[in-house]
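Numbering (my numbering), first residue to last: 1 to 399.
Where a beta carbon is used, it is the ideal one built from N, C-alpha and C, also for glycine.
Notes follow the structure.
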Amino acid sequence: MGSMLGAKALFENIKGSNVSKNQEALESTSLVDKAPNELILSATGDVMAHKPQLNAQYDASTDSYSFDNNYVHIKKYIESSDLAIANLETTLAGKDKGYDSYPTFNTPDSIAKALKNAGFDLLSTINNHSLDKGDLGVNRTLEVLKELKLDTIGTYTNDSSDNYIIKDINDIKLGITAFSYGEIKNDTKYLNGIQASNETKNRLSVFDMTNVENAFNTIMSAVNNIKNTDMQIVIIHWGNEYQRTPSEFQTTLAQKLCNAGVDIIIGSHPHVVQPVEMITSSDNSNETLVIYSLGNFISNQRREYSGSSFTEDGLLVNINITKNPKDKEATIKEVSCIPTWVNKYTSPKSTYEIIPLADKNDLKNIDNVSIETLKNSFNNTTSLIKTSDIIKYPDKVFE
Numbered sequence: 001m002g003s004m005l006g007a008k009a010l011f012e013n014i015k016g017s018n019v020s021k022n023q024e025a026l027e028s029t030s031l032v033d034k035a036p037n038e039l040i041l042s043a044t045g046d047v048m049a050h051k052p053q054l055n056a057q058y059d060a061s062t063d064s065y066s067f068d069n070n071y072v073h074i075k076k077y078i079e080s081s082d083l084a085i086a087n088l089e090t091t092l093a094g095k096d097k098g099y100d101s102y103p104t105f106n107t108p109d110s111i112a113k114a115l116k117n118a119g120f121d122l123l124s125t126i127n128n129h130s131l132d133k134g135d136l137g138v139n140r141t142l143e144v145l146k147e148l149k150l151d152t153i154g155t156y157t158n159d160s161s162d163n164y165i166i167k168d169i170n171d172i173k174l175g176i177t178a179f180s181y182g183e184i185k186n187d188t189k190y191l192n193g194i195q196a197s198n199e200t201k202n203r204l205s206v207f208d209m210t211n212v213e214n215a216f217n218t219i220m221s222a223v224n225n226i227k228n229t230d231m232q233i234v235i236i237h238w239g240n241e242y243q244r245t246p247s248e249f250q251t252t253l254a255q256k257l258c259n260a261g262v263d264i265i266i267g268s269h270p271h272v273v274q275p276v277e278m279i280t281s282s283d284n285s286n287e288t289l290v291i292y293s294l295g296n297f298i299s300n301q302r303r304e305y306s307g308s309s310f311t312e313d314g315l316l317v318n319i320n321i322t323k324n325p326k327d328k329e330a331t332i333k334e335v336s337c338i339p340t341w342v343n344k345y346t347s348p349k350s351t352y353e354i355i356p357l358a359d360k361n362d363l364k365n366i367d368n369v370s371i372e373t374l375k376n377s378f379n380n381t382t383s384l385i386k387t388s389d390i391i392k393y394p395d396k397v398f399e
């Protein structure tokens with residue numbers, strides 16, 4: 001991908017490390033080369049497009065939509081990753097179907113183009129809104145993303161498609177699968193109460209959240225196919241909306257996946273940030289990075305509508321994975337958590353921008369928002385990050 005300015009530099013400016021050296025590294029504009037057996041995987045949360053966002057991104061003079069400006073501040077961090085992942089929580093069913101938002105999303109194709117331009121490589125397409133526009137929404141979304149050369153996971157073009165993807169980057173093999181909660185009744189799948197057709201039901205990676213053992217077995221049916229990779233990664237759409245604490249279902253399922261050898265769990269759906277932590281298997285043989293929820297990456301869910309600002313907060317998590325050239329063992333070297341906040345202002349119409357809360361010098365150039373607002377968002381998010389020798393976040397942003 002692009003330059004190594006963003007995520008790579010952030011690993012040098014994190015809580016618990018040398019301040020002067022780290023600040024110098026963070027502010028450096030030089031390119032940094034990675035070791036041959038090292039990569040940075042980045043993950044962000046829910047990419048949504050509510051009606052006010054559609055209105056804001058519409059250009060009447062060209063009768064077209066552009067979402068590129070949403071990512072102007074965050075782009076350098078995405079581009080510096082070797083593999084950048086997001087949850088696309090909408091469908092691309094096309095203009096003829098009518099662009100729509102909650103409760104049944106259909107967004108212009110240009111939202112995918114903006115994600116590609118921002119540096120994303122892989123989109124999870126399985127969530128509770130995947131069936132919002134029926135079979136057309138499922139199929140056309142995959143077609144558009146394929147044309148843009150964006151990898152997808154979670155929904156598939158045919159019944160025989162593998163429900164996982166393997167990415168070989170710098171001689172490190174990542175095995176990735178993705179699942180969403182849903183309902184499974186009499187061999188039929190439902191998302192948000194919408195029934196999957198017989199044609200589509202087997203092309204959706206869905207587990208039933210009423211039984212954690214069944215959910216575990218469903219997910220493991222895919223994980224077992226990626227056991228020979230260096231890192232097994234599970235993307236899960238789960239949990240309770242607007243709750244900053246993971247549910248018992250989440251923590252139980254995470255522990256079972258850890259016991260089974262999964263290395264990384266990337267969560268979404270609650271629309272707020274939930275804890276980031278390392279957990280250990282029951283026999284102490286495996287450690288798993290669990291990101292219970294990355295929150296909203298971009299949306300119109302805001303304090304003025306819900307009474308809570310937590311839906312404005314998100315996380316960009318950069319995971320530094322290394323592979324020992326001697327014993328060929330891959331490990332998580334470091335996890336850098338960058339809090340994000342969605343700025344919305346009028347100039348002259350509504351403008352949405354994702355603000356990374358990582359570099360105090362960059363924040364000085366952000367218009368139409370107080371430093372106090374950014375600081376509150378930063379504190380809300382970092383209070384949920386369980387720091388360790390591995391998990392860290394920038395700690396000198398508001399000094």
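Closest by C-alpha distance to residue 336, when choosing among 170, 373, 291 and 312: Of the candidates 170, 373, 291 and 312, the one whose C-alpha sits nearest the C-alpha of residue 336 is 291.
Taking the alpha carbon of residue 180 as the reference point, which residue from 147, 130 and 223 has its own alpha carbon closest? 130
Straight-line CA distance for residue 309 to residue 275? Cα to Cα, the separation comes out at about 17 Å.
Specify whether the region 288-302 and the region 252-259 touch according to this definition: at least 3 beta carbon pairs, one from each stretch, less than 8 Å apart. yes
Closest residue to residue 182 among 160, 69 and 207 (Cα-Cα distance): 207
With distance defined between alpha-carbon atoms, name the residue in 352, 381, 361 and 173 nearest to residue 52. 352
Starting from the Cα of residue 170, find the closest Cα among 71, 195 and 37 and give me that residue. 37
By how many angstroms is the C-alpha of residue 317 removed from the C-alpha of residue 396? Cα to Cα, the separation comes out at about 18 Å.
First and last residue of the beta strand (DSSP E) that includes residue 137? Per DSSP, residue 137 belongs to no beta strand (DSSP E); it is in the alpha helix (DSSP H), 134-147.
Distance, residue 45 Cα to residue 188 Cα: Distance from the CA of residue 188 to the CA of residue 45, rounded to the nearest whole angstrom, comes to 28 Å.
Go ahead and label residue 244 buried or exposed: buried means 16 or more other beta carbons lie within 10 angstroms of its beta carbon, across all protein chains shown. Buried.
Would the region 295-308 and the region 363-379 be scored as touching if the rule is three or more Cβ pairs under 8 Å? no
Of the residues 197, 202 and 238, which one's Cα is nearest the Cα of residue 215? 238
Below 9 Å between beta carbons: does that hold for residue 41 and residue 66? Their beta carbons are not under 9 Å apart, which means residue 41 does not touch residue 66 by this criterion.
Rounded straight-line distance, which links the Cα of residue 106 to that of residue 97: 8 Å
Which residues in the same chain as residue 48 place their Cβ atom closer than 7 Å to its Cβ, once the five residues preceding and following it in sequence are excluded? 89, 90, 296, 298 and 299
Which of the three DSSP states, helix, strand or coil, is assigned to residue 220? helix
Buried or exposed: where does residue 175 fall if 16 or more other Cβ atoms within 10 Å of its Cβ makes it buried? Buried, since its Cβ has 16 or more Cβ neighbours within 10 Å.
Per DSSP, what kind of secondary structure is residue 340 in: helix, strand or coil? strand
In terms of residues, what are the limits of the alpha helix (DSSP H) holding residue 77? 75-79
Tell me which residues share the same chain as residue 155 and place their Cβ nearer than 8 Å to its Cβ, disregarding the 5 neighbours each side in the sequence. 125, 126, 130, 138, 141, 142, 203, 204 and 205
With DSSP collapsed to three states, give me the class of residue 249. helix
Within a Cβ cutoff of 7 Å, which residues of the same chain sit near residue 248, ignoring the five residues on either side of it in sequence? No residues qualify anywhere along the chain.
For residue 158, is the classification buried or exposed, using 16 other Cβ atoms within 10 angstroms of its Cβ as the cut-off for buried? exposed
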